[in-house]
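Chemist: What follows is a single structure, and I will ask about it in a moment.
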Amino acid sequence: MPIQDLLSRQRIALGVPATSKDDLLRQLGVLLTTDADVLNAALASTALAERERLGSTGLGSGFALPHGRVKGLARPIGAFCTLAQPLDFAAIDHRPVTVAFALLVPEHANNEHLKILAELAGLFSDKAWREQLLTAKNAEELYQHLIQHRSVAPVHDTQAHRTRSV
């Protein structure tokens, strides 16, 4: 799945002024619903917060990947933001978060969910590229940078994926 199929220009924000993890998840919920009329912000935020209660989605190196499942959602949807100030997110490396990619997937999309998460984590593990994201001057520049890097791979159902859980 190409990353541009997850994102839209309207679901990208620079300099989000989040004051806490909960505040960021709320703002990401709003951002996720900016041009998605099938989803409301409260439902999106709740899905992100429910998953976050299981453990931090702060993957380290300043990157967070909050995600969740939503009943009735037709396809995966994402939103991306940079933060105005680094934010404590209880990341695995104990470093504050400066960028976040929020992902919502349909309730029963187990394999697709895992595959997209793995691809996004790999994508954002590129330090030089991640730092370039922080230099974007506007949302359009950031969007172009995101979609030109590489695509999130399509799902291939394998036995290994069938035995894993989220």
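With our numbering applied, the sequence shown covers 78 to 243. For each residue, glycine too, the CB sits at the ideal point set by N, CA and C.
(1) Reducing DSSP to helix, strand and coil, say where H222 ends up.
(2) Considering only their Cβ atoms, is the gap separating A156 from A186 smaller than 9 Å?
(3) Can you check DSSP and say which residues form a bridge with R146?
(4) Quick one: what does DSSP say G137 is sitting in, helix, strand or coil?
(5) For S97, count the other beta carbons within 10 Å of its own beta carbon; 16 or more makes it buried, fewer makes it exposed. Which is it?
(6) Taking the alpha-carbon of Q225 as reference, which of K204, A90, L200 and V93 has the nearest alpha-carbon?
(7) Under 8 Å: do the segment 123 to 140 and the segment 161 to 171 share three or more Cβ pairs, one atom per stretch?
(8) What is the C-beta distance between L116 and L83, in whole angstroms, given that I count them as a contact (C-beta under 8 Å)?
(9) Taking Cβ positions, are L210 and L219 nearer each other than 9 Å?
Modeler: The relevant details are as follows:
(1) helix
(2) No, Cβ-Cβ distance for A186 and A156 is not below 9 Å.
(3) For R146, which the question treats as bridged, DSSP gives the partners V182.
(4) DSSP places G137 in strand when its eight states are reduced to three.
(5) So S97 ends up on the exposed side.
(6) L200
(7) yes
(8) Rounded, the Cβ-Cβ distance is 14 Å, inconsistent with contact.
(9) Contact flag set, yes.
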